[in-house]
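Everything below concerns the one structure shown next.
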Amino acid sequence: MYEETEPWQFHHCWVILRGEPKWHEKMVECNSGQKVNRKQSEIEINSLQTDNTFPERPEGRDSAKKKARVMADTSSSSTAVEMLQKMHERGEKNDEKEDELRQEMFQMERERLDLQKLNWEKWAAWEKKWAVMESNAKLRQNEYELNQWNADLIVMSQDLDKLAPPLRAMYEQKQMEIMKRRGINTPPTSES
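Residue 76 in full-length UniProt numbering sits at position 76 of the sequence shown, with consecutive numbering throughout.
Here it is, written out as structure tokens:
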């Protein structure tokens, strides 16, 4: 109809717009001859879009910026999460090492205490042995003193008048030694 009188000047526009949803909507209105309810046209447009026959609308400047910002936040937060995870793992490794060192220290302390206990037991046994040895020495000393006392008593109780003169002189000398040793003052003898 229009082309019969003169050539159509908007062919290049038609090439660009023929795939757009708005163009299809307008064509549906024109072809039906009646006004289509707005809701029906939206439903038809949505159904056309779900068929994927038309290419999707390109992303806008603002939404691209928003998406980039979200991705940056996500990547920085994921980096932070990774760093926190690494720090946590290092902390766990350090905790494990500290636990191992603490266990080794406890083991060494336990061994030291066991050794100290063994040394105390040896010391106590040695003290007991020493006490027994001292007790035995005192007993031997007492026994020696008792034997000495008995021997001295025998010498002191000897009747010198019944003895022969050389034996009598020996006993008198022994008696004097015993009295000196015992701290007894002796009267001077008339013979000396």
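Heads up, the beta-carbon is just placed ideally off N, CA and C, and yes, glycines get one too.
Rounded to whole angstroms, the gap between the alpha carbons of PRO21 and SER32 is 17 Å.
Going by beta carbons, LEU153 and TYR171 fall outside the 7 Å limit. Judged by DSSP in its simplified three-state form, ARG18 adopts coil rather than helix or strand.
Rounded to the nearest angstrom, the gap between the Cα atoms of MET71 and MET105 is 50 Å. Straight-line measurement puts the Cα of TRP149 at about 13 Å from the Cα of GLU177.
Here the C-alpha atom of LYS26 lies approximately 11 Å from the C-alpha atom of ARG18. Secondary structure note for ARG110: its alpha helix (DSSP H) is the uninterrupted segment 61-156. If you draw a straight line from the Cα of GLY91 to the Cα of GLU98, it comes to about 10 Å.
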